[in-house]
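Enquirer: Input: one structure, supplied below.
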Amino acid sequence: MPFITRLKFWLLGLLLLSYILGVVILSAISLHGFKKGNSRLGNKPISPDKSLVPKPQLPKRVRSSDYSAGAFRPVLKRSKIHWCSELKFIPPDDVFGKQKPVALVSFPGSGNTWLRYLLQQATGYYTGSVYKDYGLLKNGFPAESIVNSSVLVVKTHEWGLNARNMFSKAILLVRAPDKSIQAEFNRQSGGHIGFASPDRYRRNNGKYWNQFVADNLRGWHQINMDWLYNFTGPTHVIFYEQLVDNTEHTLKTVINFLGVYVPEKKFQCAIEQKEGIYRRKRRVLNFDPFTAEMRVKIKALQEKVYNAIYKMAAPEKR
């Protein structure tokens with residue numbers, strides 16, 4: 000009896016030991032698997048397949064155009080534009096034979112985006128751009144960065160031989176330099192429809208604003224004179240102030256220059272919807288940001304460019 004009792008005791012102990020070992024082994028396997036799974040969920044970095052990694056959607060260059068709420072940066076809701084007709088690309092049959100697109104040229108802050116909006120409303124065709132502004136891409140201009148004849152016009156603020164050679168025809172949109180420079184200052188500070196705060200003009204005791212005016216006044220003169228004198232294709236010049244004061248007539252001249260047929264009903268719809276979301280509302284500062292010296296330089300270059308435009312529109316008889 001004692002022997003049998005001891006045997007049962009040892010067998011029971013062996014079974015208990017086997018059970019404990021089994022539990023430990025199973026726990027270790029489960030724990031290893033859990034940790035391995037978590038490493039794929041981000042606890043431990045893994046080298047991704049670069050071909051599957053999406054490209055960044057907001058490069059640093061475009062972050063200044065982000066429509067986040069701020070003191071002078073209104074929130075721009077995602078495309079609430081009511082289009083007169085569904086936008087589309089120019090049909091391939093109409094594109095055939097057109098080797099180069101039409102440029103919509105302007106100095107920044109001259110109303111290029113607003114004119115693009117008006118043209119899309121009236122014609123129903125997309126407009127393109129040599130840039131890729133993600134704010135515009137998501138809010139009414141799906142053909143941003145497209146530079147070919149499948150779009151009605153292509154926005155550009157560039158000048159020089161390479162910039163001009165991309166195009167067959169050009170629409171040159173000109174705005175008074177002081178207004179366009181201030182509009183561009185507002186855009187860089189507050190987006191397409193926002194404003195620069197008064198403190199921005201006084202940054203570094205006004206040195207930042209002074210340099211901004213000097214650089215951009217030079218750029219305003221260069222881009223307008225370059226396209227006026229050096230572009231060899233047909234050119235149609237319009238003033239931003241004319242587009243504001245007589246939108247219907249000025250828009251018709253642009254459409255006629257492009258040679259696009261627009262039904263009267265559709266055109267009237269565009270005029271009724273002309274304000275859109277890309278015209279910055281007027282905001283008057285309680286001070287003049289331009290000094291007397293700036294005004295003198297602005298006036299001189301404005302007269303130079305405007306006289307060149309008038310001479311080209313009505314050349315002197317020889």
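In this text, residue positions in the sequence shown follow numbering that gives the first Met the number 0: the first is 0, and each later residue adds one.
By construction, the Cβ of each residue, glycine as well, lies at the ideal position given by its N, Cα and C atoms.
Bear in mind that the values here come from a model prediction, so they are computed numbers and not experimental data.
(1) Rounded to whole angstroms, how far is the Cβ of I222 from the Cβ of F106, which I believe are closer than 8 Å?
(2) If you draw a straight line from the C-alpha of I28 to the C-alpha of A142, how long is it?
(3) According to DSSP, simplified to helix, strand and coil, what is K79?
(4) For A307, I'd like the list of residues in its chain whose CB is within less than 6 Å of its CB, leaving aside the five on either flank, ordered along the chain.
(5) May I have the straight-line CA-CA distance separating A312 from Q210, to the nearest angstrom?
(6) Roughly how many angstroms separate the alpha carbons of G123 and L86, rounded to a whole number?
(7) Which residues bound the beta strand (DSSP E) around A318?
(8) Cβ of G318 within 8 Å of Cβ of L172?
(9) Can Y115 and F140 be called in contact, C-beta distance under 8 Å?
(10) Could you spell out where the alpha helix (DSSP H) holding L160 opens and where it closes?
(11) Mark Y260 as exposed unless 16 or more other C-beta atoms lie within 10 angstroms of its C-beta, in which case mark it buried.
(12) Going by DSSP, name the residue or residues bridged to T122.
(13) Helix, strand or coil: which one does DSSP assign to H156?
(14) Using a Cβ-Cβ cut-off of 6 Å (strictly less than) and excluding sequence neighbours within five positions of V150, which residues of its own chain qualify?
(15) Beta-carbon separation of S148 and Y130 under 8 Å?
(16) What's the C-alpha gap between I180 and F166?
(17) My parser needs the alpha helix (DSSP H) runs of 4 or more residues fully inside the segment 218-277; what are they?
(18) Compute the Euclidean distance between the alpha carbons of L118 and R199, then round it to the nearest angstrom.
(19) For the beta strand (DSSP E) holding L172, just list the boundary residues, first then last.
(20) Since I believe N229 is in contact with R163 (beta carbons under 8 Å), could you give me their beta-carbon distance rounded to a whole number of angstroms?
(21) Report the three-state DSSP secondary structure of K87 (helix, strand or coil).
(22) Considering Cα atoms alone, identify which of E292, K178 and L250 is closest to K318.
(23) For G127, name the three-state secondary structure that DSSP assigns.
Expert: According to the data block:
(1) The count along the sequence shown starts at 1 and reaches residue 222 at position 223. The count along the sequence shown starts at 1 and reaches residue 106 at position 107. Correct: roughly 5 Å between the Cβ atoms.
(2) Counting from one through the sequence shown, the residue named residue 28 turns up at place 29. Counting from one through the sequence shown, the residue named residue 142 turns up at place 143. Residue confidence is low: I28 scores 39 on pLDDT, short of 50, so the model does not pin down where it sits. No coordinate-derived value is stated.
(3) Counting from 1 along the sequence shown, the entry for residue 79 is found at position 80. Look at K79 here: in three-state DSSP terms it is coil, with no helix or strand label.
(4) Along the sequence shown, read from residue 1 onward, the residue named residue 307 stands at position 308. Only L227 meet the Cβ criterion.
(5) Here residue 312 refers to the residue found at position 313 of the sequence shown. Here residue 210 refers to the residue found at position 211 of the sequence shown. For the pair A312 and Q210, the Cα-to-Cα distance works out to about 33 Å.
(6) The residue labelled residue 123 in the question sits at position 124 within the sequence shown. The residue labelled residue 86 in the question sits at position 87 within the sequence shown. C-alpha separation (whole angstroms): 5 Å.
(7) Because the chain spans 0 through 317 in this model, residue 318 falls outside it and cannot be assessed.
(8) Limits of the chain in this structure are 0 at one end and 317 at the other, which puts residue 318 out of reach.
(9) Against the sequence shown, residue 115 aligns to sequence position 116. Against the sequence shown, residue 140 aligns to sequence position 141. In the sequence as displayed, the identity of residue 115 is Arg instead of Tyr. For R115 and F140, yes; Cβs fall inside 8 Å.
(10) Here residue 160 corresponds to residue number 161 of the sequence shown, with the count starting at 1. Here the alpha helix (DSSP H) through L160 covers L160 to R163.
(11) By 1-based counting over the sequence shown, the position of residue 260 is 261. Flag for Y260 reads exposed.
(12) Position 123 of the sequence shown holds residue 122. Partner(s): none; T122 has no beta bridge.
(13) Here the question's residue 156 lines up with position 157 in the sequence shown. Reduced to three states, the DSSP call for H156 is coil.
(14) Along the sequence shown, one-based indexing puts residue 150 at 151. Within the same chain, V150 has close Cβ partners Y125, T126, G127 and A142.
(15) The residue given as residue 148 occupies position 149 in the sequence shown. The residue given as residue 130 occupies position 131 in the sequence shown. Against a cut-off of 8 Å, the Cβ pair of Y130 and S148 comes out as no contact.
(16) Taking the sequence shown and counting its residues from 1, one reaches residue 180 at position 181. Taking the sequence shown and counting its residues from 1, one reaches residue 166 at position 167. CA-CA distance, I180 to F166, rounds to 26 Å.
(17) Given a length threshold of 4 residues, each whole run of the alpha helix (DSSP H) inside the segment 218-277 is given here in chain order: 239-244, 246-257 and 263-271.
(18) Counting from 1 along the sequence shown, the entry for residue 118 is found at position 119. Counting from 1 along the sequence shown, the entry for residue 199 is found at position 200. L118 and R199 have their alpha carbons spaced roughly 34 Å apart.
(19) As a working note, residue 172 is residue 173 in the sequence shown. Unbroken beta strand (DSSP E) run through L172: K168 to V173.
(20) Taking the sequence shown and counting its residues from 1, one reaches residue 163 at position 164. Taking the sequence shown and counting its residues from 1, one reaches residue 229 at position 230. Right, the Cβ-Cβ distance comes to about 6 Å (below 8 Å), so this counts as a contact.
(21) Residue 87 sits at position 88 when you count from the first residue of the sequence shown. Of the three classes helix, strand and coil, the one that applies to K87 here is strand, per DSSP.
(22) Since the first residue of the chain shown is 0 and the last is 317, residue 318 is not available in this structure.
(23) Translated into positions along the sequence shown, residue 127 becomes position 128. If DSSP states are grouped into helix, strand and coil, G127 belongs with the strands.
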